[in-house]
Every structure is written in structure tokens, then in C-alpha cells.
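Residue numbers (the working numbering): -4 to 147.
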């Protein structure tokens, strides 16, 4: 867990420098686009359609090997995954992925209505599926797999 994401990703930088991770899977919420007034290109994820993965944001493009690994595992365990983009925002992965000589990073999300408000709504099923996906990813992450994310 980190702090001060909204004011410059400060906690992410501190933890990345302290831990120096080999790989990072950042867990976040994403804007659910299934509310009035949001255009499909502004928010691609929908509540109840599965967890999401951010394919780019203002601060990071995920490691492509890690991204494909997530998609493969999600397919194997039959967890639907939604792809989204966030041109106007960023996540803690924006600081983590540039730590030291680089850290393969990816952001998994739960589509959420009304984020940054007092009435954020999300699907329990999406949350449970993100947790299941995370557990499956962690079970499959060995040194060879992690090292493959950095091969040129």
C-alpha cells in the first residue's frame, strides 16, 4: 500500500526505492464508463464485466511481456478482463516502473462508478475476480517468468 498518489505518486517512489521490486502489479480502481454522460472512448470498462487492465496512462505504458502474461493467465482461468486507457491520469506504477534500472509493471483495476467521491460503487464479482486473477498470477511468477519480461 502506498500514500500520496494524488499529489505526485510520492509513496510509490519511496516504496519502490526501499523494496526495489523485480516486478510490480498495481491494484487500482478505474472509471466505469456505464454511467450517463461518459462517452465510450472516455472510459472503456463497465461494472460487472470483469476486472480491468490499463494499457496506457499519462505516466506509464505497461511492460508488454507482463501484459501478455496477465492476459494469458486470465484466459487460462476464464476470468474476463477489460482493457482500458487513461490519457488524463496516472497510477503508482508511473513511479514504480522507472525505479532503478526499471521494473516491469502492470495495473489491474476494478471498474468503479463515481471514483474520488463519497459514493464510489463497484461490483463485488469484479473485485473477487481481480483477487482470483492476482492469486493465479502470483502462483505462476517464477524467476524465469519474471526475467522473461526484461528480455530484449
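Backbone N, C-alpha and C define an ideal beta-carbon position, used for all residues, glycine too.
### Task
From the DSSP output, read off the bridge partner residues of residue 47.
77 and 104
### Coil, strand or helix - residue 146 by DSSP
coil
### Query
By how many angstroms is the C-alpha of residue 49 removed from the C-alpha of residue 129?
Separation of residue 129 and residue 49 (C-alpha to C-alpha, rounded to the nearest whole angstrom) is 15 Å.
### residue 121 in three-state terms, based on DSSP
helix
### Task
Return the CA-CA distance between residue 43 and residue 123, expressed in angstroms with no decimal places.
11 Å
### Query
In chain order, what residues of the same chain have a beta carbon less than 7 Å from the beta carbon of residue 27, not counting five sequence neighbours either side?
38, 40, 41, 42, 106, 107 and 108
### Message
For residue 66, report the span of its alpha helix (DSSP H) as first-last.
### Response
Secondary structure note for residue 66: its alpha helix (DSSP H) is the uninterrupted segment 59 to 71.
### Query
How about the segment 90 to 98 and the segment 8 to 15: do they share at least three Cβ pairs that are nearer than 8 Å?
yes
### Query
What three-state label does DSSP hand residue 136 in the structure shown?
coil
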